[in-house]
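Residue numbers (our numbering), protein chains in the order written: chain E, 1 to 340; chain W, 1001 to 1794.
Just so it is clear, CB atoms sit at the ideal spot from N, CA and C, and this is done for glycine as well.
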Ligand SMILES: [Zn+2]
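Structure (structure tokens):
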């Protein structure tokens, strides 16, 4: 029969040689197993021993157990350290192999652009206002100072259902409805939505499109305020190096009226192919609200004044993402929609 | 409108102002120059044709020319026969680039050397005419072409509809002069009047029957003119502006139109019946053969110029062929009139003809312009076609143009612009633009706009005049801001609230689409969803003549398009309005409910469709959950577009939101779509209205117990009914129950199915024992047996 100390020596040697965690587990079981472990077996005949022998054997067995346990723990730690040190080789994977793509759907680029525009203008205190797309002649034209027979009407060739009902040619009717509803300025609103004009579909225009118009009615608003608002918006959307230019133009519902241009993002305004050597890209129209339009909205033009602007969401998206054909937005080809 | 830089130079000194400079100044003033075409003629030389012979070998008609280029002869081949010996022609020699971009090379055509090219007007970009070689009326062989024709710059200008006065070179030049701070070299009103006797008004009697449609009619008589070609410079300017030269009289009327913006017409006096002009509405069944060779039926809505017997011109739109000036004409009646804009537009639309004249009249010309144009034309006719201009023209002017005075508080300028414009500068700008400014005692300005500016009527118009010349670039950008005592707090927009739904759909693999709201009405009828459709009365085409009543057909089209382009699985959605006419209420605006619709393609078996239906249903549930709406229930239903056995009404708080189901096989078959499609379409606004802010629940403190239960019931028993029973039977300890599998087949008897549920039990107060849960489970089973004749599988 082996004594405790030779058992310990034997076990420690085995532990020292053990190459793996599994071997250690086996050794653990062999020596320290509850019933059949070598150390337990040392004590198998203890009942027959004298009390003094019992005590000494028990002590020796305990010492052997502790020594083996300690050796096992140490060897385990040693093996673990070695394993971690080798991870770079043992568990290396080919990180260039592509993962299976998650099934992600895409949010329409026009929604994304509309969202950006809303967010920027909300940060200036503008509220989103919505209104009907099938409008009355009065809200679409008369209220905006475009009476029947007005020469400018040709710019808003519209789809009619009857003499009184038509598809709105712009979201300006929402401005009138908002003024009538809110009644008391200050009014700072934006009116995103679909509009319709009788233009046959082509690469640059469609009979249906989306606009965002803005309207501010307050005391003492100026052309400078309008310019600043547009500049803030454009720089927020396209970057702070962009410039905005307003050019005199004509709309019946604003006076003075302007078109507003954004400096070309490619050439920075010097002129290049993509801006047709103008240095500027046309974005939309704007102006100081015509007194007659304020009256249509029930606002007293001697007390308040305002500015307004409008532009196409598609146009903004085309400028931002280099889209050269407006029809792509409404064609719903997933190969296009998934690019955004 | 095309504007010639050279022509502008007649009216304003352009010394040191390049065409590009002029274009920039005009654009900044509001005359938007959309493009500027530079025509460099400096490389082209003048040649004289010495000899012209037909090419003997070429199958095409080619002519071989011997051309004198000032001391040397070159052989040049051309395809047009009009360069006869003696003609002076523009020649492009080998190595030069012709203005239209063509590079000229030495060539050999069927054995004949060709050293250069004879140029047409089109090749030199001096007009649109490419039918023959441009023949010059003067010049020295060998000299550059620029000795007789200066290099050109043509601007394409966009004239705003309020400024008909800018539809002529003089008007544009006035703007340019104001912008440059230089004087205009031409007075608005020419001083020329005729001198011949007897007075013109005795030679022609003019009456205006409808002064609403014609506020002025001037008829000048010029006798003894010699009709022939116009001089080269005049022809060239017409061509540059896209007008084809005809003869000197007609050319002069067109020239003055392009110069003064006043349309004019010349009649052959001898071809009028009676020395009489009547401006009247057309008679029933009256016809007119126009100068374009088209005979038109006229209506009483149209205004005509008539002689004693018949209509001789359609007022403001087109002249009549029978009274036109021809080579044999000697006496001319020159018409310069002011017609009602909307009426001219309507006539022009009705007959589908827009002319240079109608384009100007449409915008309401000032009557004062009629006299200026008439005088200018008469003086040119006298100069270029001879003839005696009779004095004292017929001038019927029933509605004289009222001068409009505008009072301006000059402070308004600074207040509107947001910058300080010195008063002297503002006043000087208005004066440069031909406004008369009188400063009144109280500091207000009494401003009289020039007669050619009918668009200026309110003080804000004057602010605009000052602003655009002062320069809007000089107005510093600012953000508005003052202390407000009231405001509206920000509420998230509808569309931004729906972003929560978009996130769910994106995560589920659905891509958003924006589809046209105008669709084919015929198609809606075929699909039987046209009951509330609104049809456009002036559609561009059949395939977009009606507002859609549902988003689903658009999405089905999207699936078809993407399938055709190679995509097998299509999962798409749209958030947009449907348009539903209110029945029985004509002329009222329709309902425009905002809808959320989605479709997904699936395999072709019935089981594929069934599974796809459940997947889509879960997506819809998630969309609603994302909006924090109450959960909706599904009730078997029948609806257009949907499979009769696989369609449910989506109900929230007792209100029906829409439908979900498999698309009817006949609908997908009609769209040529293989396989099954599942879809839903629901109203968005009630979902948003029902949304509640989610309240947090305390996390459970005790473990839950999960049990599965496989319930075998007859096929006709709905899972939803079993689910409801379980909830009811289980009592308080049941936290959650979910159906996770449905099975039919060998394991269950005929006409039965097995539905598997997972039940989670939990008490907020203690850890549940198995015995407690077993007790509840057996109560549930007992109840299900009774209610649904259920059996249970282990
Ligand atoms: Zn550029």
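**Report entry** Inter-residue spacing [alpha-carbon to alpha-carbon] between residue 318 of chain E and residue 328 of chain E
**Finding:** As a working note, residue 318 of chain E is residue 318 in the first chain. As a working note, residue 328 of chain E is residue 328 in the first chain. So the two alpha carbons sit approximately 10 Å from each other.
Query raised in the report: Is the Cβ of residue 324 of chain E closer than 8 Å to any Cβ of chain W?
Result: Position 324 of the first chain holds residue 324 of chain E. So, not an interface residue.
Query raised in the report: Taking C-alpha atoms, which residue in E:294, E:209, E:107 lies nearest to residue 186 of chain E?
Result: Your numbering for residue 186 of chain E matches position 186 in the first chain. It is E:294.
**Report entry** Enclosing alpha helix (DSSP H) for residue 180 of chain E [first to last residue]
**Finding:** Position 180 of the first chain, counted from the first residue, corresponds to residue 180 of chain E. Here the alpha helix (DSSP H) through residue 180 of chain E covers 172–182.
Requested in this report: May I have all residues whose beta carbon comes closer than 6 Å to any heavy atom of ligand 1, sorted in chain order?
Outcome: E:264, E:266, E:267, E:271, E:272, E:274, E:275, E:279
Requested in this report: Please name the residues in the stretch 1456–1474 of chain W whose beta-carbon is closer than 8 Å to at least one beta-carbon of chain E, in chain order.
Outcome: 1458, 1460, 1461, 1463, 1464, 1467, 1468, 1472, 1473
Requested in this report: Between the Cα of residue 1742 of chain W and those of W:1710, W:1732, W:1767, W:1771, spot the shortest distance and give me the residue it belongs to.
Outcome: As a working note, residue 1742 of chain W is residue 742 in the second chain. For the residues W:1710, W:1732, W:1767, W:1771, the minimum Cα distance to residue 1742 of chain W belongs to W:1710.
Requested in this report: Could you have a look at residue 135 of chain E and say whether DSSP puts it in helix, strand or coil?
Outcome: As a working mapping, residue 135 of chain E is identified with position 135 in the first chain. Strand at residue 135 of chain E.
Query raised in the report: Relative to the C-alpha of residue 1264 of chain W, which residue among W:1348, W:1316, W:1246 is closest?
Result: Within the second chain, residue 1264 of chain W is the residue found at index 264, counting from 1. Per the Cα distances, W:1316.
Query raised in the report: Where in the stretch 1359–1423 of chain W do unbroken runs of the alpha helix (DSSP H), each at least 4 residues long, occur, reported from the N-terminal end onward?
Result: 1367–1385, 1411–1417
Query raised in the report: Which residue comes first and which comes last in the beta strand (DSSP E) that contains residue 1633 of chain W?
Result: On the second chain, position 633 is the one that residue 1633 of chain W refers to. Residue 1633 of chain W -> beta strand (DSSP E) spans 1633–1636.
Query raised in the report: Which ranges does the alpha helix (DSSP H) cover as unbroken runs of at least 4 residues, wholly within the stretch 1236–1323 of chain W, from first to last along the chain?
Result: 1248–1260
Report task. Use the C-beta contact count for residue 1007 of chain W: other C-beta atoms within 10 angstroms, 16 or more gives buried, fewer gives exposed. Result -> Locating residue 1007 of chain W in the second chain gives position 7, counting from the first residue. By the neighbour-count rule (16 or more Cβ atoms within 10 Å), residue 1007 of chain W is buried.
Query raised in the report: When the cut-off is 8 Å and only beta carbons count, does residue 1445 of chain W lie next to chain E?
Result: By 1-based counting over the second chain, the position of residue 1445 of chain W is 445. It does not: the Cβ of residue 1445 of chain W has no partner Cβ on chain E nearer than 8 Å.
**Report entry** Three-way DSSP call (helix, strand, coil) for residue 1608 of chain W in this model
**Finding:** Residue mapping note: residue 1608 of chain W aligns to position 608 of the second chain, counting from 1. Note: residue 1608 of chain W maps to helix in three-state DSSP.
Query raised in the report: How about residue 1594 of chain W and residue 1622 of chain W: are their beta carbons less than 8 Å apart?
Result: Position 594 of the second chain, counted from the start, is the residue given in the question as residue 1594 of chain W. Position 622 of the second chain, counted from the start, is the residue given in the question as residue 1622 of chain W. No.
Query raised in the report: With distances taken between CB atoms, is the gap from residue 137 of chain E to residue 154 of chain E smaller than 8 Å?
Result: Along the first chain, one-based indexing puts residue 137 of chain E at 137. Along the first chain, one-based indexing puts residue 154 of chain E at 154. Cβ distance not < 8 Å, so residue 137 of chain E and residue 154 of chain E don't count as in contact.
Query - Partner residues on chain E for residue 1752 of chain W, Cβ-Cβ distance less than 7 Å - result: On the second chain, residue 1752 of chain W is found 752 positions in, with the first residue counted as 1. Result: empty, since nearest Cβ-Cβ is about 35 Å, beyond 7 Å.
Requested in this report: Give the range of the alpha helix (DSSP H) segment to which residue 21 of chain E is assigned.
Outcome: Locating residue 21 of chain E in the first chain gives position 21, counting from the first residue. 21–32 is the extent of the alpha helix (DSSP H) around residue 21 of chain E.
Report task. From the DSSP output, in three-state form, read off residue 1797 of chain W for me. Result -> In the structure as shown, chain W starts at 1001 and stops at 1794, and residue 1797 of chain W therefore has no counterpart that could be examined.
Requested in this report: Using only alpha-carbon positions, find the residue among W:1468, W:1121, W:1736, W:1483 that is nearest to residue 1180 of chain W.
Outcome: Start at 1 with the first residue of the second chain, and residue 1180 of chain W comes out as number 180. Considering only alpha carbons, the answer is W:1468.
Query raised in the report: Do you know offhand how far residue 1661 of chain W's Cα is from residue 1597 of chain W's?
Result: The residue you call residue 1661 of chain W lines up with position 661 of the second chain. The residue you call residue 1597 of chain W lines up with position 597 of the second chain. For residue 1661 of chain W and residue 1597 of chain W, the distance between alpha carbons rounds to 12 Å.
Report task. State the beta-bridge partners of residue 341 of chain E as determined by DSSP. Result -> No statement about residue 341 of chain E is possible, as the shown extent of chain E runs from 1 to 340 and does not include it.
**Report entry** Segments of 4+ residues assigned as alpha helix (DSSP H) that fall wholly inside the stretch 101–150 of chain E
**Finding:** 109–122, 137–140
Query raised in the report: When the Cα atoms are used, what is the spatial distance from residue 1646 of chain W to residue 1636 of chain W?
Result: Taking the first residue of the second chain as position 1, residue 1646 of chain W is located at position 646. Taking the first residue of the second chain as position 1, residue 1636 of chain W is located at position 636. Their Cα atoms are separated by approximately 8 Å.
Query raised in the report: If you pair each beta-carbon of the stretch 1333–1342 of chain W with each one of the stretch 1283–1298 of chain W, do three or more pairs fall below 8 Å?
Result: no
Query - Where the beta strand (DSSP E) containing residue 1166 of chain W begins and where it ends - result: Looking up residue 1166 of chain W in the second chain gives position 166. Note, residue 1166 of chain W: premise wrong, no beta strand (DSSP E); not H, not E.
Query raised in the report: Do you know whose CA, among E:274, E:71, E:287, lies nearest residue 228 of chain E's CA?
Result: Along the first chain, read from residue 1 onward, the residue named residue 228 of chain E stands at position 228. Of E:274, E:71, E:287, the residue nearest in Cα terms is E:287.
Report task. Output the distance between the C-alpha atoms of residue 156 of chain E and residue 1665 of chain W, rounded to the nearest integer angstrom. Result -> Counted from its first residue, the first chain places residue 156 of chain E at position 156. Counted from its first residue, the second chain places residue 1665 of chain W at position 665. The alpha-carbon atoms of residue 156 of chain E and residue 1665 of chain W are separated by roughly 42 Å.
Query raised in the report: Expressed to the nearest angstrom, what Euclidean distance is found between the alpha-carbon atoms of residue 201 of chain E and residue 1541 of chain W?
Result: As a working note, residue 201 of chain E is residue 201 in the first chain. As a working note, residue 1541 of chain W is residue 541 in the second chain. Straight-line Cα distance between these residues: approximately 11 Å.
Query raised in the report: So residue 1498 of chain W packs on residue 1575 of chain W, CB below 8 Å; how close in whole Å?
Result: Start at 1 with the first residue of the second chain, and residue 1498 of chain W comes out as number 498. Start at 1 with the first residue of the second chain, and residue 1575 of chain W comes out as number 575. Confirmed, about 6 Å.
Query - Short CB-CB distance (under 8 Å) between residue 233 of chain E and chain W - result: Residue 233 of chain E sits at position 233 when you count from the first residue of the first chain. Not an interface residue.
Requested in this report: Answer with yes or no whether the minimum CB distance from residue 107 of chain E to chain W is below 8 Å.
Outcome: Counting from one through the first chain, the residue named residue 107 of chain E turns up at place 107. Yes - at least one Cβ of chain W is within 8 Å of the one on residue 107 of chain E.
Query raised in the report: Checking contacts by CB at 8 Å: is residue 224 of chain E closer than that to chain W?
Result: As a working note, residue 224 of chain E is residue 224 in the first chain. Closer than 8 Å to some Cβ of chain W, the Cβ of residue 224 of chain E qualifies, so yes.
Query raised in the report: So residue 1045 of chain W is in the beta strand (DSSP E); what residue range does that whole segment cover?
Result: Translated into positions along the second chain, residue 1045 of chain W becomes position 45. Counting along the chain, the beta strand (DSSP E) containing residue 1045 of chain W begins and ends at 1045–1054.
Report task. Could you pull out every residue in the same chain whose Cβ sits closer than 8 Å to the Cβ of residue 347 of chain E, ignoring the five residues on either side in sequence? Result -> Nothing about residue 347 of chain E can be read from this structure; chain E reaches only from 1 to 340.
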